[in-house]
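Residues 1 to 120, numbered by my numbering, are exactly what the sequence shown covers, in order.
Even for Gly, the Cβ is constructed at its ideal location relative to N, Cα and C.
Quick notes on the structure that follows.
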Amino acid sequence: MKYVIDTVILIDHLNGIKKATQWLKRNNDSFISPITRAELLVGTAETEKHSIKLLLDSFETLPINNEVADLAAELRKKFRFKLPDAFHAALAVINKVKLVTRNTKDFSSEMGFVIIPYKL
Numbered sequence: 001m002k003y004v005i006d007t008v009i010l011i012d013h014l015n016g017i018k019k020a021t022q023w024l025k026r027n028n029d030s031f032i033s034p035i036t037r038a039e040l041l042v043g044t045a046e047t048e049k050h051s052i053k054l055l056l057d058s059f060e061t062l063p064i065n066n067e068v069a070d071l072a073a074e075l076r077k078k079f080r081f082k083l084p085d086a087f088h089a090a091l092a093v094i095n096k097v098k099l100v101t102r103n104t105k106d107f108s109s110e111m112g113f114v115i116i117p118y119k120l
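This is the structure in structure tokens:
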């Protein structure tokens, strides 16, 4: 199984949350989105950017194209997702992978394309 990793999982890993680190180690065949890359870099101090980019570069980045954007719009309308969440969901659906997140406010494992690997 392949996965697209939501930003919150990588933030947890960087914050030393063992459950996130363990999940990432067990499931190294994963992708990120350009949105995850931007979200992590925007909150990163200059002194940490190099190490964060190394982490991000260890994942393949799934491209966002018109098909993804169109589905993101539909999913945003249907589920009232924030736009970044809609793009993550659309990437998962179109690429036939699971979205891995800890965001239970917006996502549920009952959605079929979502995995909630741990709770804090």
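Query raised in the report: Of the residues T101, T21, K96, which one's Cα is nearest the Cα of M1?
Result: K96
Query raised in the report: Where does K98 fall in DSSP's three states?
Result: strand
**Report entry** Alpha-carbon spacing of I64 relative to D12, whole angstroms
**Finding:** 24 Å
Query raised in the report: Does the beta-carbon distance from T61 to F31 come in below 9 Å?
Result: yes
Report task. Could you have a look at T44 and say whether DSSP puts it in helix, strand or coil? Result -> coil
Query - Spatial distance of A20 from L10 (CA atoms) - result: 7 Å
Query - Whether A92 touches A69 by CB criterion (9 Å) - result: no
Query raised in the report: Hey, how far is the Cα of T104 from the Cα of I52?
Result: 25 Å
Query - Nearest candidate by alpha-carbon position, reference L56, set T44, E67, N66 - result: T44
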